[in-house]
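Reviewing the structure listed below.
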Amino acid sequence: MPRADSGPTAGPAAGEPVEPQQPPAKGRATSHRRPPEKTAGTFPPEGSAAAAGRGQPVPVRQWPIVLVLTLVAVGLAVTALDDFRPGVVTIGVALLVGSLLRAVLPEVGMLAVRSRFTDIVVMGVLGAAIVLLALASEPGAVITLPWATDIARFFGRDQG
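Residue numbers for the sequence shown follow full-length UniProt numbering, so the first one is 1 and each next one is one higher.
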């Protein structure tokens, strides 16, 4: 006569090896569906096609970002040579040039990251802020920002 507890839900009999059960990995569904080969619903940013034809080498096809990165590299080199203000202004101008290129050209290649509006606003605001702060930096500020002394005083740097 079979035992009453020997059904499929019963534990292993004495002396039988126990196979460890592995819990499903965190964040994974327990279904065995394979992910799609290609992601659907993701579109490249508007204007992200190469600025020149396929017959050209990559630096020529991607000339807008090459120009912006070259200006940034020049600004970093000037800054590294102990000429702070012109170097940082050059970096800010590079961002403003990138914003202008994104606004004017229909295709800018890898310079396009998000929507046209977002790229223009972000590069324009950051470029203008970098130029403004570089021109207002001490010693020998080119322009004076009236609120800068209030901020300096807030952080404990009394200007006397």
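Don't be surprised by glycine CBs; every beta carbon is placed ideally from N, CA and C.
6 Å CB neighbourhood of residue i in its chain, flanking five on each side removed
i	result
Met110	Gln62, Ile65
Leu81	none
Check whether residue i and residue j have beta carbons under 8 Å apart
i	j	result
Ala112	Ser48	yes
Thr144	Ala136	yes
Leu126	Val97	no
Ala134	Gly92	yes
Euclidean distance between Cα positions of residue i and residue j
i	j	result
Val104	Pro146	34 Å
Glu138	Arg54	48 Å
Leu100	Arg33	46 Å
Val89	Ile130	7 Å
Val142	Val121	25 Å
Asp83	Asp119	29 Å
Gln56	Val108	15 Å
Ala50	Pro106	10 Å
Leu132	Gly140	14 Å
Ala128	Leu69	17 Å
Phe43	Phe154	46 Å
7 Å Cβ shell around residue i - same chain, five flanking residues per side excluded
i	result
Ala52	Val60, Arg61, Trp63
Gly156	none
Reduced DSSP secondary structure (H/G/I, E/B, other) of residue i
i	result
Leu96	helix
Thr90	helix
Val142	coil
Ala77	helix
Ala136	helix
Leu105	coil
Arg116	helix
Phe43	coil
Pro57	coil
Sequence-distant residues of its chain with Cβ nearer than 8 Å to residue i (five each side left out)
i	result
Val58	none
Val78	Pro86, Gly87, Thr90
Integer-rounded CB distance, given that residue j should sit under 8 Å from residue i
i	j	result
Arg102	Arg116	6 Å
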